[in-house]
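Novice: In full-length UniProt numbering, the protein residues as written are 1 to 333.
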């Protein structure tokens with residue numbers, strides 16, 4: 001079964017390769033990723049191709065910390081809907097737990113878990129799955145994941161955030177000081193797990209919604225849809241629905257708030273044009289489900305999440321209503 005990852009993971013790839021005096025386009029083309037849209041909120045690419053790309057880039061460009069450096073070009077908005085979930089949480093701990101629970105909507109290839117202890121630092125651990133037959137790229141993906149998490153926590157907890165420790169299972173040929181800029185501390189290699197140790201005081205911090213960098217990151221995800229002059233209202237609503245579906249919070253109130261409108265006003269304006277919000281959501285969800293079932297091999301539980309269903313059984317009922325068959329039947333060639 002092919003594992004996928006959001007194409008936004010490639011944001012900054014060409015820039016980093018250029019810094020290292022390489023040819024980013026040639027590297028992307030080698031793995032069939034040259035046409036991937038790093039700015040698309042819904043596009044997916046092969047997770048295995050990404051792992052191989054990171055590995056070859058690291059070795060070709062003689063940059064052992066390529067994955068960690070790639071994270072410097074990215075921000076929380078690259079998680080798409082997960083960024084919206086994070087900023088709607090009251091505390092940093094709640095944001096971490098929420099992102100971890102829904103990380104499969106970014107990629108099922110990386111898992112993140114927060115373990116609290118009665119005393120001492122909490123452990124935010126990462127597990128990077130390797131596709132069958134693929135033995136390369138794990139080190140780069142692990143370093144990217146930890147460095148990205150540190151950047152995200154800077155936005156959620158404040159710029160002064162630092163983990164107590166960064167632990168990595170693999171070894172490195174670089175001095176540990178080379179990683180300090182990415183992890184906030186000198187990491188410890190050859191450890192039993194890949195993790196960040198985080199002091200409890202950071203977890204209790206309220207999510208800093210007033211942080212201007214965080215606001216800009218989320219604006220990058222939603223504002224082009226809201227302020228685009230070429231989009232009429234129903235097109236703006238449609239694009240917002242597409243981006244909000246995986247959050248599980250795609251409702252009239254949320255969409256209206258993004259457009260700075262009262263829900264009833266939005267509903268009334270849509271209906272004046274013969275457009276009904278509930279029908280629009282149902283149509284876009286149906287199209288997304290068909291796309292995911294016929295064009296990918298994503299597990300059904302992940303299809304349900306990406307389409308905004310809280311349970312897989314809801315996906316099954318909707319497929320029967322839309323297509324007259326179960327999700328598995330629709331997926332069959």
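Quick reminder that beta carbons are idealized off the backbone N, C-alpha and C, glycines included. Being a predicted model, the structure only gives us computed values, none of them experimental.
Less than 8 Å between C-beta atoms, sequence neighbours within five positions excluded: which residues of the same chain meet that for residue 262?
Specialist: Hits under 8 Å: 256.
Novice: Based on the DSSP secondary-structure assignment, which residues constitute the bridge partners of residue 126?
Specialist: Residue 126 is bridged to 112, 194.
Novice: Check the C-beta distance from residue 246 over to residue 308 and give it rounded, since I have them as a contact under 8 Å.
Specialist: 6 Å between Cβ atoms; contact.
Novice: First and last residue of the alpha helix (DSSP H) that includes residue 242?
Specialist: Run containing residue 242: 233-244, per the alpha helix (DSSP H) assignment.
Novice: Rounded to a whole number of angstroms, what is the C-alpha to C-alpha distance between residue 269 and residue 165?
Specialist: Whole-angstrom Cα-Cα distance: 53 Å.
Novice: Give the C-beta separation of residue 302 and residue 108 to the nearest angstrom, bearing in mind that I take them to be a contact with Cβ-Cβ under 8 Å.
Specialist: About 6 Å; that satisfies the 8 Å criterion.
Novice: What does the Cβ neighbour count give for residue 206, buried or exposed, with the cut at 16 atoms within 10 Å?
Specialist: With fewer than 16 other Cβ atoms within 10 Å, it is exposed.
Novice: When the Cβ atoms of the region 8-21 are set against those of the region 92-99, are three or more pairs found closer than 8 Å?
Specialist: Not touching, per the Cβ criterion.
Novice: Report yes if the C-beta distance between residue 24 and residue 37 is below 9 Å; otherwise report no.
Specialist: Not in contact: residue 24 and residue 37 (Cβ atoms no closer than 9 Å).
Novice: In angstroms with no decimal places, state the Cα-to-Cα distance between residue 57 and residue 87.
Specialist: Cα to Cα, the separation comes out at about 33 Å.
Novice: Based on the DSSP output, what are the partners of residue 298 in its beta bridges?
Specialist: Bridge partners of residue 298: none, in fact.
Novice: Could you spell out where the alpha helix (DSSP H) holding residue 96 opens and where it closes?
Specialist: First-last of the alpha helix (DSSP H) with residue 96: 92-101.
Novice: What do you reckon, are the CB atoms on residue 140 and residue 66 nearer than 9 Å?
Specialist: In contact: residue 140 and residue 66 (Cβ atoms closer than 9 Å).
Novice: To which residues does DSSP link residue 206 through a beta bridge?
Specialist: Paired residues: 91.
Novice: DSSP three-state call for residue 185: helix, strand or coil?
Specialist: Residue state, collapsed to three classes: coil.
Novice: State the beta-bridge partners of residue 166 as determined by DSSP.
Specialist: According to DSSP, which records beta bridges pairwise, residue 166 is partnered with 196.
Novice: Check the C-beta distance from residue 181 over to residue 234 and give it rounded, since I have them as a contact under 8 Å.
Specialist: Going by Cβ atoms, the distance from residue 181 to residue 234 rounds to 46 Å, so no, they are not a contact pair.
Novice: Indicate the three-state DSSP secondary structure (helix, strand or coil) for residue 20 in the structure shown.
Specialist: Residue 20 falls in the coil class under three-state DSSP.
Novice: Which residue marks the beginning of the beta strand (DSSP E) containing residue 72, and which one marks its end?
Specialist: Where residue 72 is concerned, there is no enclosing beta strand (DSSP E), given that its DSSP letter is neither H nor E.
Novice: Going by beta carbon distance, what residues of the same chain come within less than 6 Å of residue 229, once the five residues before and after it are set aside?
Specialist: Model confidence at residue 229 stands at a pLDDT of 37, short of 50, so the residue's coordinates are unreliable and nothing is read from them.
Novice: Provide the residue(s) that pair with residue 44 in DSSP beta bridges, ordered along the chain.
Specialist: Per DSSP, 6.
Novice: Below 6 Å CB to CB, which residues in the same chain sit around residue 99 once its five sequence neighbours on both sides are set aside?
Specialist: If we look at residue 99 and ignore the five residues flanking it on each side, its Cβ neighbours are 82, 86.
Novice: Please report the residue range of the alpha helix (DSSP H) in which residue 254 lies.
Specialist: Here the alpha helix (DSSP H) through residue 254 covers 252-258.
Novice: In whole angstroms, what is the alpha-carbon distance linking residue 226 and residue 240?
Specialist: Any reading at residue 226 is ruled out, since the residue's pLDDT is 45, under 50, leaving its predicted position unreliable.
Novice: If you reduce the DSSP assignment to three classes, tell me which class residue 34 lands in.
Specialist: DSSP places residue 34 in coil when its eight states are reduced to three.
Novice: Could you check where the alpha helix (DSSP H) with residue 319 kicks off and where it finishes?
Specialist: It spans 312-323 - the alpha helix (DSSP H) in which residue 319 sits, taken as one unbroken run.
Novice: Measuring CA to CA, which of 149, 101, 35 is closest to residue 78?
Specialist: The option with the nearest alpha carbon to residue 78 is 149.
Novice: Grouping DSSP H, G and I as helix and E and B as strand, with all else coil, what is residue 137?
Specialist: Correct three-state label for residue 137: coil.
Novice: Looking only at its chain, what residues have a beta carbon closer than 6 Å to the beta carbon of residue 115, apart from the 5 residues adjacent to it on each side?
Specialist: Closer than 6 Å at Cβ, skipping near neighbours: 123.
Novice: Here's the rule: buried if 16 or more other CB atoms are within 10 angstroms of the residue's CB, otherwise exposed. What is residue 194?
Specialist: Counting Cβ neighbours within 10 Å, residue 194 comes out buried, since at least 16 surround it.
Novice: Nearest-angstrom Cα distance between residue 126 and residue 289?
Specialist: Rounded to whole angstroms, residue 126 to residue 289 spans 29 Å at the Cα level.
Novice: On the criterion of 16 or more Cβ atoms from any shown chain inside 10 Å, does residue 350 qualify as buried, or is it exposed?
Specialist: Look at the range of the chain in this structure, 1 to 333, and you will see that residue 350 is not part of it.
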